[in-house]
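Counting with my numbering, you get residues 30 to 863 for the letters of the first sequence.
Virtual Cβ for every residue (Gly too), placed ideally from N, Cα, C.
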Amino acid sequence: MKKRVLILWDETQYMVKAEKLLHQLVTEAGFDDDDYELVKVPMPKGKKYGKREIPQLTAWAAERIETHKCKYVVAMGSNAYQAVTGQTGIKKARGKPVEHGKCILLPMYHPNMVVHDPGNLPILEADFQCLNNVLEFGGIPEERDLDFVIVDTWGKVNQMLRALRGCVSSDLETSRLYPFTTVLDDKIERGIKLTQAEEDQYRATHCEGKKSRSLQSLLPRVISIQFATAFKQWIIPAETAGIWSRRELEQIVEQVTEKLEDCYLVGHNWKFDALWMRVRFGVDWKADFDTMLAHYILDENDNHGLKYLAQKFLGAPDWDVAGDVKTSWSMKNAKYAAHDVYYTRKLRYYFAKQLKCDSEVKKVFDEILMPCVHLFTEAEFDGVYVDQAKFGEAEAYLREEVAKATAELDKWAHPEWAEVDKATGKPTINWGSPKQLARLLFEDLEIEVVERTKTGAPSCSESVLLRIDHEMVGALLKWRAAQKQLSSFIEGWKPYIDLKGYLHPSFKLHGTVTGRLSCEHPNLQQVPRDKRIRSLITAPEGWELIEADLSQIELRIAAELADETAMLEAFRSGVDVHWLTAIREIERGAGYKDEVIDTAYRYDQKKRNYSDAIELLLKIGPDIAAELNEFWKETRKKAKAINFGYLFGMWWKKFKIYARDNYGVHITDEQAQESRKAFFALYGKLPKWHDRQRRFARMNGYVRSLSGRKRRLPEAMNGRDTPDRREAERQAINSPVQSFANELNLMSAIQLRREYPRAQVRLAGTVHDACLVYARKAKVSEVYTRILQIMSSPALLTEFEIDLKVPIEAEAKIGPWGAGVNLEKWLKAQKEAA
DNA sequence: TCGGGGGGCGCG
DNA sequence: AAAGCGCGCCCCCCGA
30 MKKRVLILWD
40 ETQYMVKAEK
50 LLHQLVTEAG
60 FDDDDYELVK
70 VPMPKGKKYG
80 KREIPQLTAW
90 AAERIETHKC
100 KYVVAMGSNA
110 YQAVTGQTGI
120 KKARGKPVEH
130 GKCILLPMYH
140 PNMVVHDPGN
150 LPILEADFQC
160 LNNVLEFGGI
170 PEERDLDFVI
180 VDTWGKVNQM
190 LRALRGCVSS
200 DLETSRLYPF
210 TTVLDDKIER
220 GIKLTQAEED
230 QYRATHCEGK
240 KSRSLQSLLP
250 RVISIQFATA
260 FKQWIIPAET
270 AGIWSRRELE
280 QIVEQVTEKL
290 EDCYLVGHNW
300 KFDALWMRVR
310 FGVDWKADFD
320 TMLAHYILDE
330 NDNHGLKYLA
340 QKFLGAPDWD
350 VAGDVKTSWS
360 MKNAKYAAHD
370 VYYTRKLRYY
380 FAKQLKCDSE
390 VKKVFDEILM
400 PCVHLFTEAE
410 FDGVYVDQAK
420 FGEAEAYLRE
430 EVAKATAELD
440 KWAHPEWAEV
450 DKATGKPTIN
460 WGSPKQLARL
470 LFEDLEIEVV
480 ERTKTGAPSC
490 SESVLLRIDH
500 EMVGALLKWR
510 AAQKQLSSFI
520 EGWKPYIDLK
530 GYLHPSFKLH
540 GTVTGRLSCE
550 HPNLQQVPRD
560 KRIRSLITAP
570 EGWELIEADL
580 SQIELRIAAE
590 LADETAMLEA
600 FRSGVDVHWL
610 TAIREIERGA
620 GYKDEVIDTA
630 YRYDQKKRNY
640 SDAIELLLKI
650 GPDIAAELNE
660 FWKETRKKAK
670 AINFGYLFGM
680 WWKKFKIYAR
690 DNYGVHITDE
700 QAQESRKAFF
710 ALYGKLPKWH
720 DRQRRFARMN
730 GYVRSLSGRK
740 RRLPEAMNGR
750 DTPDRREAER
760 QAINSPVQSF
770 ANELNLMSAI
780 QLRREYPRAQ
790 VRLAGTVHDA
800 CLVYARKAKV
810 SEVYTRILQI
820 MSSPALLTEF
830 EIDLKVPIEA
840 EAKIGPWGAG
850 VNLEKWLKAQ
860 KEAA
């Protein structure tokens, strides 16, 4: 009897399991044995098919398809896919039915993928659902559920307004990703011609390579605003379509805003759309459910793109269109837009159901992630203010530094070594090129190679340069430092500074696997601590910048999780744990006798023996010790790195390298091993906690932070002790700490926003364990005091039923970032100024 | 001409 | 055997 579907796949190592699984999938999808024919493709001679095998293979496949006379062909796995099409790339092709000669081909992953990782099951299920759709439709299905309306008359506006109730999804198409008007946008808008350099920079920032687009079309514009309701999708042509006037558009937006108040609003990466609506229309659309963040909290390891998710979970087709279709108004664009909202709305039901299965994860989503959408929409909208005068000064200074260093370095660009520049006839070396530099140092100058990179090239990193005895090293390091600051933070910021001098860094709530946020355009979280750069970020007129950070928060959380007696005791009694580590380490080796006894003597002019002096140092803490002797400043910094390194699984070999690079201390292997042992002797419960985490991850394939957030670590379940598994185990230790530290910070930011109106207090951004906040001048004292209270015990902790043994402490500074002072000093300065 | 990888380095 | 974690961005370089 003739079968409808031909399934091609290949022989693999877990064939029994795979076959069982396939049978199960096929049955669940509603097929019986008469529906399909299962055929194995010939195995490649080696691991993969060779180039010469391909024509033979495709001929074989074509013949099989011909003899079976099936209209539908399923190719499972890359080999089967290659057999049919001659092409590689199953990852991109899977789940999308295509016409192949006389038949319809549906590529899928091999069932083995699920045998290897059961988490992939939904992908295959969705693909079989897709196969069903294809059979039912009798070809490649159009989206029959899709029913979109172009809202281009007042009649349709009214229809739409009536339909906007219950669960509504929304989405925007925009001309580019960055919504704010920059200096160059303003020039274009006003018809001022850009210089070539300006145009290049502008395109590099906004164009993503598409050189053909006119500058006009790159201005920040909303192309369309769309909604999906139960049965229809409503596409409102917006700023560039020329269908509605500005005034009419604003009128429509206003009426929609009113209706949305009573809707359950769903978005995918809603912060993006909310920000655009705020910037372009001044309205505040709050979402109740973000499908991207829902999927992020459900699987932090996966991608979170809308199309990807719709294909993976809903068996949707690939509705992607070329880039230029998305950035200008057209019917194609409207159809694309309709897909976006349609599937966003569908995904919300799917993910809401998934979230219900894990109430702990759901809580993080509801209480932290969703509130952050609104919080960070506002923060990004406001942005951070850049001191324009100081910015110019810093730029001039850095250019001078780079020029000086370059002049110094160019002495070494001898004609017989360096490439000769054709234009100037002078030998040049690009000091930013590791390759050219390596040639100069290790070939021409015949310096011995110190270290190699993982690809085998001689390394030119700072740590290597410091070990090279050559007079150009100093200039080289100066050049790098100045060049880095200039390119990353001066030139790097320029394209993003808006007309009023603000930067609007974009925070990705889904940016990391641990639950931290990432930040880009520009990245506020990597601004150097060097005051020259950091203090460029400051408060605008009438406001003050307050930076409040959680003190040693990761260490505190580790102490809590490990129930580490000595650490908890130190935190309770106010001893600085980095200091404790440092002093005990010194004591162990009976080192720095002179400094220890001398500093103790300077403190109160009393003579002490070594061990009494040690105890005194421990008591007075690093700050006072540093005042008595500069030496202790370095000591504490060193111990900080030791704490974090050992805490999260650093091995003694790395510690040895660390000590050498950062402190110029050359220790022996034995000393390094001894140091590690001593650390774990001092904090005896840490290894037990490490073991607990490793075991749990190995058993369950995930760990949770105190808030309940999951970090999925499938590699931890590997049967064998592989490097991958080791990595997962270290993450099992680090993740809950990093994750919860960040959550405490976010809980505080959320609460601060709830307690103060925007007219008084605004969040400017977060940096992992710190909040950057703008407060009205008149409110500074109050906010300063309150934020410290909030951070040391945010109300959401109670909501999460978390009761910490370890005390949480915060500290705050007022003033330009990185150059602020405490409240006392600030008040004094205010008084003097008045 | 682009996209991606590598090297290097800024932050927590 | 091999052993801190998490990011983004700059520049160079090379292959498609």
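Two segments are said to touch when three or more pairs of C-beta atoms, one from each, lie closer than 8 Å; by this definition the region 793-800 touches the region 537-554. The criterion of a C-beta distance shorter than 8 Å is satisfied by R250 and T203.
Contact check between the region 813-824 and the region 524-531: fewer than three CB pairs, one atom from each, fall below 8 Å, which does not count as touching. A316 sits away from L427, with the two beta carbons spaced by 8 Å or more.
Collapsing the DSSP output to three states places F536 in a strand. Non-local C-beta neighbours of L532 in its own chain, meaning closer than 7 Å and more than five positions away in sequence, comprise G412, V413, V415, W522, Y525, I526 and P551, ordered along the chain.
Taking C-beta atoms under 8 Å as the contact rule, I252 and T356 qualify, at a distance of about 7 Å.
Listed in chain order, the non-local C-beta contacts of D331 below 6 Å within the same chain number zero, local neighbours out to five positions each way being set aside. For M746, no pairing in a beta bridge is given by DSSP.
In the DSSP secondary-structure assignment, C548 is bridged to F536. As far as DSSP is concerned, I458 takes part in no beta bridge. Here the alpha carbon of G220 sits roughly 11 Å from the alpha carbon of L244.
A direct Cα-to-Cα measurement between I497 and S704 gives close to 28 Å.
In the three-state reduction of the DSSP assignment, I582 falls in the helix class. In this structure, F310 is the residue among T269, F310, A257 and K300 with its C-alpha nearest to the C-alpha of Q280. R741 and P569 have their C-alpha atoms some 43 Å from each other. Just measuring C-alpha positions, the residue of E409, Q417, I837 and I779 sitting nearest P208 is E409. Runs of the beta strand (DSSP E) lying entirely within the region 339-378, each at least 3 residues long, are absent. Out of K537, M321, T234 and Q465, the CA that lies nearest to the CA of F405 is found in K537. The C-alpha of S274 lies about 11 Å from the C-alpha of P266.
Taking C-alpha positions only, N729 is separated from E744 by approximately 11 Å. Counting along the chain, no beta strand (DSSP E) covers P84; the unbroken alpha helix (DSSP H) around it starts and ends at E82 to H97. A buried status is given to T269, since no fewer than 16 other beta-carbon atoms sit within 10 Å of its beta-carbon.
In the DSSP annotation of this structure, the continuous segment of the beta strand (DSSP E) that includes T795 starts and ends at V790 to T795. In the displayed model, V604 falls within coil according to three-state DSSP, outside both helix and strand.
Beyond the five residues adjoining it in sequence on each side, G334 comes within less than 6 Å, by CB distance, of no other residue in the same chain. In the DSSP annotation of this structure, W680 is not part of any alpha helix (DSSP H), being labelled neither H nor E.
The C-alpha of I169 is placed about 9 Å away from the C-alpha of P346. Under DSSP, I831 forms no beta bridge with any residue. Judged by DSSP in its simplified three-state form, W314 adopts coil rather than helix or strand.
For G421, there is no enclosing beta strand (DSSP E); the residue is found in the alpha helix (DSSP H) stretching over Q417 to D439. Taking C-alpha positions only, S564 is separated from L515 by approximately 15 Å.
Between E549 and A770, the CB-CB gap reaches or exceeds 8 Å. The C-alpha of K125 is placed about 51 Å away from the C-alpha of I819.
Between the alpha carbons of V493 and Q722 lies a distance of about 36 Å. Under the three-pair Cβ rule at 8 Å, the region 615-628 counts as touching the region 637-646.
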